[in-house]
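In our numbering, the protein residues as written are 1050 to 1437.
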């Protein structure tokens, strides 16, 4: 008899949902032609993980106490796993076969999660986030682990794809450029007037960006003795007040002359992963502001942001691989349109609003995030220059 507060459900109150047959069930009529392929490939791949798990659980003698937390099993009834810490209860044998069994078990277990996660991430926009928020988390790779793995692969390939331009300091490159300018000036001006005029007013881009109107020769002279007195004197000669900010910019500009362009790029590349890791919470915060009326937790928007950035990183990884093959020109259009379409479909599937509302929020989100991303890039370049 059921309890006092438990009602027995009637069958007619819970009708089974009638769903259309899936593609796999529709193909069962052709089972006679696909059965050999299943027997040769699919079924063995599904049985191998079960076989290795069974071997690891039953091929070693059980211990009377847990080797990790010293939990005492009931007499004569040792379990396969410790109920206190969860460690597998078996006698550790440091043999090559045991290590191979653990390796294969980890590979098959990890691959099953990766395949499920990749299928939802790449083919069903927003579905991976929805499954995670519904509580279906064990079959998939956790969001943070997924982002760390994909971002590591992306930045590793990006560092390999950057070709070194020169290991020489910028000071030497500028001197060679000045000598070349002198030679060009001699060839151009001497035959016409017999008088050699050398224009030494070319400005460094870094000096112009910092609001300092210094020529290359002046910066090269300051690099010999970048003391505070010399910097203040140089600023006063250009009718500029030697404030702390201007002195700092000028000192960093002079200091950058002793650094090669590759070192500057490497310095910025080291800060790029941290920058992207900081941008994801900002992306989620903008998303939270757009969907404020739905009263969802910030964590839901953060998980959505992680999955979206993972998809974008996958596209860039494919672009880098195609660049190595020399055929990535056509993929530029994919990098422009596919993330926007994916973002639109993911928002539509997760939040369930109309097509027009979702499209308007996609446009607002793209404009806002583009501004935040541009300011973050400028800030990271500034920090990289100031920390030389």
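Using N, Cα and C, we set each Cβ at its ideal position, and we do this for glycine too.
Nearest to residue 997 by CA position, among 1418, 1360 and 1406, is which residue?
The displayed coordinates of the chain run from 1050 to 1437. Any statement about residue 997 would go beyond what the structure contains.
With three or more C-beta pairs closer than 8 Å as the rule, is the region 1327-1337 touching the region 1378-1387?
The region 1378-1387 vs the region 1327-1337: no contact.
Which of the three DSSP states, helix, strand or coil, is assigned to residue 1428?
The three-state secondary structure of residue 1428, taken from DSSP, is helix.
Quick one: residues in its chain with C-beta nearer than 7 Å to the C-beta of residue 1425, no 5 flanking neighbours on either side, listed in chain order?
Excluding residues up to 5 positions away in sequence, 1324 and 1328 lie with their Cβ nearer than 7 Å to the Cβ of residue 1425 in the same chain.
Please return the same chain residues whose Cβ sits closer than 8 Å to the Cβ of residue 1204, not counting the five positions on each side in sequence.
Residues 1318, 1321 and 1322 of the same chain have their beta carbon placed closer than 8 Å to that of residue 1204, with the five preceding and five following residues left out of the count.
Taking 8 Å as the threshold, find out whether the region 1405-1416 comes into contact with the region 1183-1192 through three or more Cβ pairs.
Counting Cβ pairs under 8 Å, fewer than three are found: no touch.
Beta-carbon spacing of residue 1128, residue 1138 below 8 Å
For the pair residue 1128 and residue 1138, the CB atoms are nearer than the 8 Å cut-off.
Limits of the unbroken alpha helix (DSSP H) element including residue 1178
Counting along the chain, residue 1178 sits inside the alpha helix (DSSP H) bounded by residues 1176-1182.
Of all the CB atoms in chain D, is at least one closer than 8 Å to the CB of residue 1346?
As a matter of chain content, chain D is missing from the structure shown, which is built from one protein chain.
Would you tell me roughly how many angstroms separate the C-alpha atoms of residue 1113 and residue 1124, rounded to the nearest one?
When the Cα atoms are used, residue 1113 and residue 1124 turn out to be separated by approximately 8 Å.
So, with DSSP's three-state summary, where would you put residue 1227?
Its pLDDT being 47, under 50, residue 1227 is placed unreliably by the model, and nothing is read from it.
Determine the direct distance from the alpha carbon of residue 1404 to that of residue 1197, and round the result to whole angstroms.
Residue 1197 and residue 1404: Cα-Cα distance of roughly 33 Å.
In three-state terms, what does DSSP make of residue 1189?
The DSSP-derived three-state label of residue 1189 is coil.
Inter-stretch contact at 8 Å, needing at least 3 Cβ pairs: the region 1329-1344 / the region 1167-1182:
For the pair of segments examined, the region 1329-1344 was found not to touch the region 1167-1182: the number of CB pairs separated by less than 8 Å stays below three.
Helix, strand or coil for residue 1122, going by three-state DSSP, please let me know.
Of the three classes helix, strand and coil, the one that applies to residue 1122 here is coil, per DSSP.
Rounded to the nearest angstrom, how far is the Cβ of residue 1395 from that of residue 1174, given a contact under 8 Å?
Contact holds; Cβ gap of about 4 Å.
Same chain only: Cβ atoms within 7 Å of residue 1418, ignoring 5 sequence neighbours per side:
Same-chain partners within the cutoff: 1332 and 1335.
Spell out the partners DSSP gives residue 1203 in its beta bridges.
Its beta-bridge partners do not exist; DSSP assigns none.
Taking buried to mean at least 16 other C-beta atoms within 10 Å of its own C-beta, is residue 1134 buried or exposed?
Flag for residue 1134 reads exposed.
Put residue 1116 into one of helix, strand or coil per three-state DSSP.
Judged by DSSP in its simplified three-state form, residue 1116 adopts coil rather than helix or strand.
Spatial neighbours of residue 1421 in its chain, beta-carbon cut-off 6 Å, leaving aside the 5 residues before and after:
If we look at residue 1421 and ignore the five residues flanking it on each side, its Cβ neighbours are 1331.
Endpoints, alpha helix (DSSP H) assigned at residue 1388:
Residue 1388 -> alpha helix (DSSP H) spans 1380-1400.
CB contact flag (residue 1206, residue 1369, <8 Å)
Yes, Cβ-Cβ distance for residue 1206 and residue 1369 is below 8 Å.
Mind checking whether residue 1192 and residue 1352 have CB atoms under 8 Å apart?
Result yes, Cβ atoms of residue 1192 and residue 1352 sit closer than 8 Å.
Mark residue 1374 as exposed unless 16 or more other C-beta atoms lie within 10 angstroms of its C-beta, in which case mark it buried.
Flag for residue 1374 reads exposed.
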